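Engineer: Residue 16 in UniProt numbering is what sits at position 16 of the sequence shown, and the numbering runs on without skipping anything. Below you will find the structure I want to go over with you.
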Amino acid sequence: MIQGFSERLVTASRPEIGLMFKKTLDILLQILVVFPTVEPLRCKVTSFIHRMVDTLGASVFPYLPKALGELLPESEPKELVGFLVLLNQLICKFGTLVRDILEEVYPAIASRALSILPRSEMESGPGSCAEEIRELQELQRIFFTFLHVIATHELSSVFLCPQGIGCFNMMMQLLLDACCNHKDILIRKACVQIFIRLIKDWCAGPYGEEKVPGFRSFITETFAMRCCLYSVLDKSFEFRDANTMVLFGEIVQAQKVMYEKFGNDFLVYLVSKFQNVRCPQDLAEQYCQKLQGNDFKALKSFYQSLVEKLRPQQNGSLVFR
Numbered sequence: 001m002i003q004g005f006s007e008r009l010v011t012a013s014r015p016e017i018g019l020m021f022k023k024t025l026d027i028l029l030q031i032l033v034v035f036p037t038v039e040p041l042r043c044k045v046t047s048f049i050h051r052m053v054d055t056l057g058a059s060v061f062p063y064l065p066k067a068l069g070e071l072l073p074e075s076e077p078k079e080l081v082g083f084l085v086l087l088n089q090l091i092c093k094f095g096t097l098v099r100d101i102l103e104e105v106y107p108a109i110a111s112r113a114l115s116i117l118p119r120s121e122m123e124s125g126p127g128s129c130a131e132e133i134r135e136l137q138e139l140q141r142i143f144f145t146f147l148h149v150i151a152t153h154e155l156s157s158v159f160l161c162p163q164g165i166g167c168f169n170m171m172m173q174l175l176l177d178a179c180c181n182h183k184d185i186l187i188r189k190a191c192v193q194i195f196i197r198l199i200k201d202w203c204a205g206p207y208g209e210e211k212v213p214g215f216r217s218f219i220t221e222t223f224a225m226r227c228c229l230y231s232v233l234d235k236s237f238e239f240r241d242a243n244t245m246v247l248f249g250e251i252v253q254a255q256k257v258m259y260e261k262f263g264n265d266f267l268v269y270l271v272s273k274f275q276n277v278r279c280p281q282d283l284a285e286q287y288c289q290k291l292q293g294n295d296f297k298a299l300k301s302f303y304q305s306l307v308e309k310l311r312p313q314q315n316g317s318l319v320f321r
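Take a look at the structure:
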């Protein structure tokens, strides 16, 4: 029934139609309060809100806090996926206008997702349920997409809201592990992009005040080492694969952003760690020169060459994971 009704039609040309849709949504939410655990009903309400976001536009805002509050508490993995897809739609359509709504629901969403998702790689095996594994993998993929959409729509402050700060360290660790280890290269790339956005948003510069205490040292000492150095030295990082090369480009971009934000302190620290992977001093100095230059393609090409030269010298002496 809703298809074919444009936002302009129901909000400007024929507002009575928009009013009818709003009344229908209000009734659905009242029914959901009475029958909160009926899964088919919850799915229908989620689907209807998807349509209302496109049809009613910003006038759907007053209904969202109640709707999202009712839909979240009973969410299981499969249902939580639909919930996250709805939030992604809201962010992509309304951007920073949904900041307040996100700050309300994000803590519960993050806590719920992090409590469901396993810390280790999800694989089918003896005694495992294939359908359950698939649902968890889909939830993980959509959750990473959700974090990426938040970070890339100028909403990274949502991660720092007081109610959600308890999930912060766990989320950072989840993102870091995915950057370094995830089998899905596209997920790895998305997680690196999230860190790039957070560095830009939360790090003021070499001498600026820390917006997030401890974040700069985490990025320099942990993310830069594990993701930008150790993970690419691992032989499983396949330079002949096109998607992996795109990921590699993001990793090089992350180093560029870290240098721009942290200055020579970053160079000094990174070069000191190059010694741990048996990097010759002259190559380390060349790397620093490329990083300080403006030719990104030359930097990327040199870093790939450097990694390929260093790999044979590791002999399993480093634990990259």
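Idealized CB from N, CA, C, for every residue including glycine. If you're wondering where the values come from, they're calculated on a predicted model, not measured in any experiment.
#1: Between N276 and the ligand GDP, is there a pair consisting of the residue's CB and a ligand heavy atom that are separated by less than 8 Å?
#2: For the alpha helix (DSSP H) that contains R112, what are its first and last residues?
#3: Quick one: grab the DSSP three-state call for D265.
#4: Are L226 and F262 close, meaning C-beta to C-beta below 9 Å?
#5: Thinking just about the alpha-carbon of each residue, which of Q292, K300, Y303 and A224 is nearest to the one in Y269?
#6: Would C288 and V307 qualify as a contact pair, given that the criterion is a beta-carbon distance under 9 Å?
#7: Mapping the DSSP letters down to three states, classify R240 as helix, strand or coil.
#8: Looking only at C-alpha atoms, which of Y230, K297, K189 and F296 sits nearest to R311?
#9: How many angstroms separate the CA atom of R197 from the CA atom of V149?
#10: Rounded to whole angstroms, what is the Cα-Cα separation between F48 and L25?
#11: Is it buried or exposed for I219, if we count other Cβ within 10 angstroms and need 16 for buried?
#12: Just mark I165 as buried or exposed, buried being the case when its beta carbon has 16 or more other beta carbons within 10 Å.
#13: Here's the rule I'm using: 16 or more other beta-carbon atoms within 10 Å means buried, otherwise exposed. How should V33 be labelled?
#14: Distance check for Q173 and L72, CA to CA, integer angstroms please.
#15: Considering just the uninterrupted stretch of the alpha helix (DSSP H) at T55, what are its terminal residues?
#16: Please work out which residues of its chain come closer than 7 Å, Cβ to Cβ, to M170, disregarding the five sequence neighbours upstream and downstream, and give them in chain order.
#17: Would you report the Cα separation of Q281 and V98, rounded to the nearest angstrom?
#18: Whole angstroms are fine: how far does the CA of G293 sit from the CA of L247?
Structural biologist: Taking the coordinates as given:
#1: This structure simply doesn't include the ligand GDP, nor any ligand for that matter.
#2: R99 to I116
#3: helix
#4: First, the residue type needs correcting, since residue 226 is Arg and not Leu in the sequence shown. No.
#5: A224
#6: no
#7: coil
#8: Y230
#9: 11 Å
#10: 8 Å
#11: buried
#12: exposed
#13: exposed
#14: 24 Å
#15: E39 to L56
#16: L114
#17: 50 Å
#18: 21 Å
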